[in-house]
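Peer 1: Counting from 1 along the sequence shown, just add 32 to a position and that's the residue number in the numbering used here. Here it is, the structure, as structure tokens.
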Amino acid sequence: MERTNFVPKTLPSALKENLQELCHQARGDILKMTSLAASGHPGGSMSSLEIFALLWSQANVDPANPLMKGRDRIVVSHGHTSPGVYSVLGALKFFDLHQALVSFRLAGSDFEGHIERHLPGIELTSGNLGQGLSAAIGMGIADKSNDITNHLWVVAGDGENQKGQITEARRFASKYMMNNLTYIIDLNHLQISGDTADIMPVNLRAEFEASSWEVISVDGHDLSALYQAMRPEGQNRPRLILASTVMGKGVSFMENKAGFHGRALKEDELKQALAELGVEDNMEILARERKNYLHSKKQNFREEPVYNLLNPGEAVTYSTDHTGDNRSAWGQALVSLAEANPDNLPLVFDCDLSGSVKTASFAKKYPGHFFQTGIMEHHTATMAGSSTLADKVAFWSDFGVFAADETFNQHRLNDINHTNLKVVATHCGLDVGPDGKTHHCIKYVGLMRALPNYRTIVPADPNQTDRAVRHAASNPGNYFIAMGRSKLQVITKQDGTPFFDENYEFVYGAADYFRSGTDVAILAMGPTCTNAVQASELLEAGGISTAVLGVSCPTELSEDFIDSLLEFKHIFTVEDHDTKTGLGAGIALALSERGNTPPLTRIGVTHYGASGNAEDLYTLQGLQPEQIVEAVVEKLT
Numbered sequence: 033m034e035r036t037n038f039v040p041k042t043l044p045s046a047l048k049e050n051l052q053e054l055c056h057q058a059r060g061d062i063l064k065m066t067s068l069a070a071s072g073h074p075g076g077s078m079s080s081l082e083i084f085a086l087l088w089s090q091a092n093v094d095p096a097n098p099l100m101k102g103r104d105r106i107v108v109s110h111g112h113t114s115p116g117v118y119s120v121l122g123a124l125k126f127f128d129l130h131q132a133l134v135s136f137r138l139a140g141s142d143f144e145g146h147i148e149r150h151l152p153g154i155e156l157t158s159g160n161l162g163q164g165l166s167a168a169i170g171m172g173i174a175d176k177s178n179d180i181t182n183h184l185w186v187v188a189g190d191g192e193n194q195k196g197q198i199t200e201a202r203r204f205a206s207k208y209m210m211n212n213l214t215y216i217i218d219l220n221h222l223q224i225s226g227d228t229a230d231i232m233p234v235n236l237r238a239e240f241e242a243s244s245w246e247v248i249s250v251d252g253h254d255l256s257a258l259y260q261a262m263r264p265e266g267q268n269r270p271r272l273i274l275a276s277t278v279m280g281k282g283v284s285f286m287e288n289k290a291g292f293h294g295r296a297l298k299e300d301e302l303k304q305a306l307a308e309l310g311v312e313d314n315m316e317i318l319a320r321e322r323k324n325y326l327h328s329k330k331q332n333f334r335e336e337p338v339y340n341l342l343n344p345g346e347a348v349t350y351s352t353d354h355t356g357d358n359r360s361a362w363g364q365a366l367v368s369l370a371e372a373n374p375d376n377l378p379l380v381f382d383c384d385l386s387g388s389v390k391t392a393s394f395a396k397k398y399p400g401h402f403f404q405t406g407i408m409e410h411h412t413a414t415m416a417g418s419s420t421l422a423d424k425v426a427f428w429s430d431f432g433v434f435a436a437d438e439t440f441n442q443h444r445l446n447d448i449n450h451t452n453l454k455v456v457a458t459h460c461g462l463d464v465g466p467d468g469k470t471h472h473c474i475k476y477v478g479l480m481r482a483l484p485n486y487r488t489i490v491p492a493d494p495n496q497t498d499r500a501v502r503h504a505a506s507n508p509g510n511y512f513i514a515m516g517r518s519k520l521q522v523i524t525k526q527d528g529t530p531f532f533d534e535n536y537e538f539v540y541g542a543a544d545y546f547r548s549g550t551d552v553a554i555l556a557m558g559p560t561c562t563n564a565v566q567a568s569e570l571l572e573a574g575g576i577s578t579a580v581l582g583v584s585c586p587t588e589l590s591e592d593f594i595d596s597l598l599e600f601k602h603i604f605t606v607e608d609h610d611t612k613t614g615l616g617a618g619i620a621l622a623l624s625e626r627g628n629t630p631p632l633t634r635i636g637v638t639h640y641g642a643s644g645n646a647e648d649l650y651t652l653q654g655l656q657p658e659q660i661v662e663a664v665v666e667k668l669t
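See below:
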């Protein structure tokens, strides 16, 4: 099929005929696919079909080279329309259409119920609505940073535009004048519960125009009109295309029926629909093939993820007379990384907190790679993550309650898409102090533990913070680096020199033995490491041999590390974190799988904190060195 890249002013007639036939056959394929699976979303797939057909046949993408550098980015936000996406991509030879037909939604199949980026032609695994516009913007920012000129295409359902994240995304696109962005809404006016105007009316034209977008209304089934609306020539700002469509288009009894949003046809309905469409009814053959379908290893045309990584640069060692906060060490490490990577600068995202999270120095030196998003955390989390799918390293720094608690769903999507985002969460724990319980982030370890592709680091002091940031920047995958607000003493060896000195190399998952001992082990993370060391000195003076281990990676507890704990009489964990979901919980789980183990006592946050000085809040939760000593002595007597 001829690929025009939307250059001709009108859709060539021969091409239009080919696309009409493709859509005709695809409607039958959608119905077959969903009926064989006895589930799926045929209605919206049929209403979005002409949009899909035009995009993947005419945009700058290549079925023979789906990872072509400089390609247009096509992101489908309403991922439940996978039958429509698969039918079009299969027809255009991105992959074998027959395989999609017989294995759709089959356990172990490549063709899952919502679109997956392991398939050629698909940029983003999507399905939880409202994410696609943010994701495409992130990819576009990264492509522009890599001097790539392309176009960003996003397709979404009208119902999902009730979500607030899309408002955040459209504002960002307007602020940064993204004139290579086209957002196409399938305006079929229906969602699961009925008419969108009844469920939650949204004046899409007025809202987008208020954000300075160009807005075009068009018949979403008229290929010529759609083509005209999509042509980027002369576009000077973000463009919204309101494509009026019909749910279930092409089958009379399905049209404009909300019930067919997520219901496959029954056998008699399918026969009637295929006859009405005039497409072959080969369901018996397909059903036999599906029944006998043999799964091979799940295919991933991307093979292993390829990530952009940074040169870690030269580590900084703070002296023992240095008293500083970890967030300042993070900010200085960020600038140092940029200086070490002048031709591969990272992207840095901020939500109106650059002074507090210490990204202001980077912003001043590298304004073209710093993005101020205002108070729009949901959009930023998705955008920052997706930017790394376009060959960039990205950092997003925010307060812990926003970087973890508020945006968990966005991190989950990043996790599923195997992004390469480095989240630096400051102001974690009771250490935030007077801001009070609404700002005490005390659940982040548990949240990140639930994400299999996120790595969590809670550094003990500024020196380890410097190493942790450099490690995350130079290693693939998502990282969540958590730290408090207060200034900390530099952790020392027993000889008084910095523990994390110029010879220290950060190894993810390794514990740091601050002090050796044989009776009890105190495991600490983050700012409580200092308290644990001080407690051990008091215990040693009282005749209790105490080992102190810094556990900076609480979600990665190696078998060897857990085995090493079995020699102690009692194990204590100390953390500025909820004890039910943090370090103590992880140690408890690991020990429970060993059988005969030493007793464990968890010391940490047991209830929401108050508003007050961090030291006082630690006292209220039993985290001061003297209180740790009391807990140890009580358990040993």
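From the three backbone atoms N, C-alpha and C, an ideal C-beta is built for every residue, glycine too.
Taking the alpha helix (DSSP H) that F531 falls in, what are its first and last residues?
Peer 2: Position 499 of the sequence shown, counted from the start, is the residue given in the question as residue 531. Where F531 is concerned, there is no enclosing alpha helix (DSSP H), given that its DSSP letter is neither H nor E.
Peer 1: Suppose you measure from the CA of N43 to the CA of E246; what does that come to, to the nearest Å?
Peer 2: Taking the first residue of the sequence shown as 1, we reach residue 43 at position 11. Taking the first residue of the sequence shown as 1, we reach residue 246 at position 214. According to the sequence shown, residue 43 is Leu rather than Asn. Cα-Cα distance, rounded: 22 Å.
Peer 1: Please give me, in chain order, every unbroken run of the beta strand (DSSP E) with length at least 3 that falls completely inside the segment 263-338.
Peer 2: 271-276
Peer 1: Looking at S22: is its Cβ nearer than 9 Å to the Cβ of V250?
Peer 2: The question about residue 22 has no answer here: the residues shown for the chain are numbered 33 through 669.
Peer 1: Excluding the 5 residues flanking T157 on each side, which residues of the same chain have their C-beta closer than 6 Å to its C-beta?
Peer 2: As a first step, residue 157 is located in the sequence shown; it is residue number 125 there, counting from the start. Within the same chain, T157 has close Cβ partners E148, R149, I448, N449.
Peer 1: List, from N- to C-terminal side, the beta strand (DSSP E) runs of 3 residues or more that fit wholly inside the segment 481-541.
Peer 2: 486-489, 510-514, 519-521
Peer 1: With three or more C-beta pairs closer than 8 Å as the rule, is the segment 553-560 touching the segment 599-615?
Peer 2: yes
Peer 1: If you check the beta carbons only, do I169 and A139 fall under 9 Å apart?
Peer 2: Here residue 169 corresponds to residue number 137 of the sequence shown, with the count starting at 1. Here residue 139 corresponds to residue number 107 of the sequence shown, with the count starting at 1. The answer is no: Cβ separation not under 9 Å.
Peer 1: Please say whether H401 and A370 have beta carbons closer to each other than 9 Å?
Peer 2: Taking the sequence shown and counting its residues from 1, one reaches residue 370 at position 338. Taking the sequence shown and counting its residues from 1, one reaches residue 401 at position 369. Going by C-beta atoms, A370 is nearer than 9 Å to H401.
Peer 1: Pull the bridge partners of R105 from the DSSP assignment, please.
Peer 2: Stepping through the sequence shown from its first residue, residue 105 is reached at position 73. In the DSSP output, where bridge partners are listed per residue, R105 has L184.
Peer 1: Residues in the same chain with beta-carbon distance under 6 Å from E34, minus the five sequence neighbours each way, listed in chain order, please.
Peer 2: Position 2 of the sequence shown holds residue 34. L47.
Peer 1: Three or more C-beta pairs under 8 Å: does that hold for the segment 408-425 against the segment 366-386?
Peer 2: The answer is yes - the segment 366-386 touches the segment 408-425, with three or more Cβ pairs under 8 Å.
Peer 1: Quick check: the Cα distance between H410 and F381, rounded to an integer number of angstroms?
Peer 2: Here residue 410 refers to the residue found at position 378 when the sequence shown is read from its first residue. Here residue 381 refers to the residue found at position 349 when the sequence shown is read from its first residue. Roughly 12 Å separates the two Cα atoms.
Peer 1: With the cut-off set at 9 Å, would you say N193 and L236 are in Cβ contact?
Peer 2: For the purposes of this step, residue 193 is taken as the residue at position 161 of the sequence shown. For the purposes of this step, residue 236 is taken as the residue at position 204 of the sequence shown. A contact, by the Cβ cut-off of 9 Å.
Peer 1: Using C-beta distances below 6 Å, list every residue in its chain close to A413, excluding the 5 sequence neighbours before and after it, in chain order.
Peer 2: Start at 1 with the first residue of the sequence shown, and residue 413 comes out as number 381. Only T439, Q442 meet the Cβ criterion.
Peer 1: For H293, count neighbouring Cβ atoms within 10 angstroms of its own Cβ and tell me buried if that reaches 16, exposed if not.
Peer 2: To locate residue 293, count along the sequence shown from 1; it is residue 261. H293 should be labelled buried.
Peer 1: Given this structure, state the Cα-to-Cα distance separating A573 from F531, to the nearest angstrom.
Peer 2: As a first step, residue 573 is located in the sequence shown; it is residue number 541 there, counting from the start. As a first step, residue 531 is located in the sequence shown; it is residue number 499 there, counting from the start. Looking at the backbone, the Cα of A573 and that of F531 are separated by about 22 Å.
Peer 1: Could you check whether C460 and G478 sit closer than 9 Å to each other, using their CB atoms as the reference points?
Peer 2: Reading the sequence shown from its first residue, position 446 is the one you call residue 478. Reading the sequence shown from its first residue, position 428 is the one you call residue 460. Not closer than 9 Å, so no.
Peer 1: Could you check whether the segment 464-474 touches the segment 297-308, counting it as contact only if at least three pairs of C-beta atoms, one from each stretch, sit closer than 8 Å?
Peer 2: no
Peer 1: Which whole runs of the beta strand (DSSP E) in the segment 124-202 are 3 residues long or more, in chain order?
Peer 2: 184-189
Peer 1: Between the alpha carbons of V389 and I619, how many angstroms are there, rounded?
Peer 2: Taking the sequence shown and counting its residues from 1, one reaches residue 389 at position 357. Taking the sequence shown and counting its residues from 1, one reaches residue 619 at position 587. Roughly 30 Å separates the two Cα atoms.
Peer 1: Nearest by alpha-carbon distance to D218: which of P337, I273, D648 is it?
Peer 2: The residue you call residue 218 lines up with position 186 of the sequence shown. Looking at the Cα atoms, I273 is the closest of the given residues.
Peer 1: Which one of A564, L655, A395, T587 has the shortest CA to CA distance from P484?
Peer 2: The residue given as residue 484 occupies position 452 in the sequence shown. It is T587.
Peer 1: Compare the Cα-Cα distances from A646 to each of T550, R517, T562, A395 and report the closest residue.
Peer 2: In the sequence shown, residue 646 corresponds to position 614, counting from 1. When each option's Cα is compared against that of A646, the closest is R517.
Peer 1: Give the DSSP-derived three-state secondary structure of R626 in the structure shown.
Peer 2: Taking the sequence shown and counting its residues from 1, one reaches residue 626 at position 594. Correct three-state label for R626: coil.
Peer 1: Tell me where the beta strand (DSSP E) around D463 begins and ends.
Peer 2: Reading the sequence shown from its first residue, position 431 is the one you call residue 463. Taken as a continuous stretch (DSSP letters only), D463 belongs to no beta strand (DSSP E), as it is neither H nor E.
Peer 1: Which runs of the beta strand (DSSP E) spanning at least 3 residues fall entirely within the segment 582-632, listed in chain order?
Peer 2: 602-610
Peer 1: So, are the CB atoms of S577 and G549 less than 9 Å apart?
Peer 2: One-based indexing of the sequence shown puts residue 577 at position 545. One-based indexing of the sequence shown puts residue 549 at position 517. At a Cβ-Cβ threshold of 9 Å, S577 and G549 count as neighbours.
Peer 1: Report yes or no: do three or more beta-carbon pairs, one from the segment 521-536 and one from the segment 339-350, lie closer than 8 Å?
Peer 2: The answer is yes - the segment 339-350 touches the segment 521-536, with three or more Cβ pairs under 8 Å.
Peer 1: Short of 6 Å in beta carbon distance, which residues of its chain neighbour F434, apart from the five on each side in sequence? Order them along the chain.
Peer 2: Looking up residue 434 in the sequence shown gives position 402. Closer than 6 Å at Cβ, skipping near neighbours: E409.
Peer 1: Quick one: grab the DSSP three-state call for D437.
Peer 2: Indexing the sequence shown from 1 puts residue 437 at position 405. Under the three-state reduction of DSSP, D437 is assigned to helix.
Peer 1: In chain order, what residues of the same chain have a beta carbon less than 7 Å from the beta carbon of T524, not counting five sequence neighbours either side?
Peer 2: Position 492 of the sequence shown, counting from 1, holds the residue named residue 524. T352, P530, F531.
Peer 1: Report yes if the C-beta distance between P74 and G153 is below 9 Å; otherwise report no.
Peer 2: Against the sequence shown, residue 74 aligns to sequence position 42. Against the sequence shown, residue 153 aligns to sequence position 121. Result no, Cβ atoms of P74 and G153 do not sit closer than 9 Å.
Peer 1: First and last residue of the alpha helix (DSSP H) that includes D218?
Peer 2: Taking the sequence shown and counting its residues from 1, one reaches residue 218 at position 186. Where D218 is concerned, there is no enclosing alpha helix (DSSP H), although the beta strand (DSSP E) around it starts and stops at 213-219.
Peer 1: Taking the alpha carbon of A14 as the point to measure from, which residue in L297, Q566, L615 has its own alpha carbon closest?
Peer 2: Residue 14 lies beyond the range of the chain shown here (33 to 669); nothing can be said about it.
Peer 1: Please determine, among A579, Q566, Y476, A622, the residue with the shortest C-alpha to C-alpha distance to L655.
Peer 2: Walking along the sequence shown from the start, residue 655 turns up at place 623. The residue with the shortest Cα to Cα distance from L655 is Q566.
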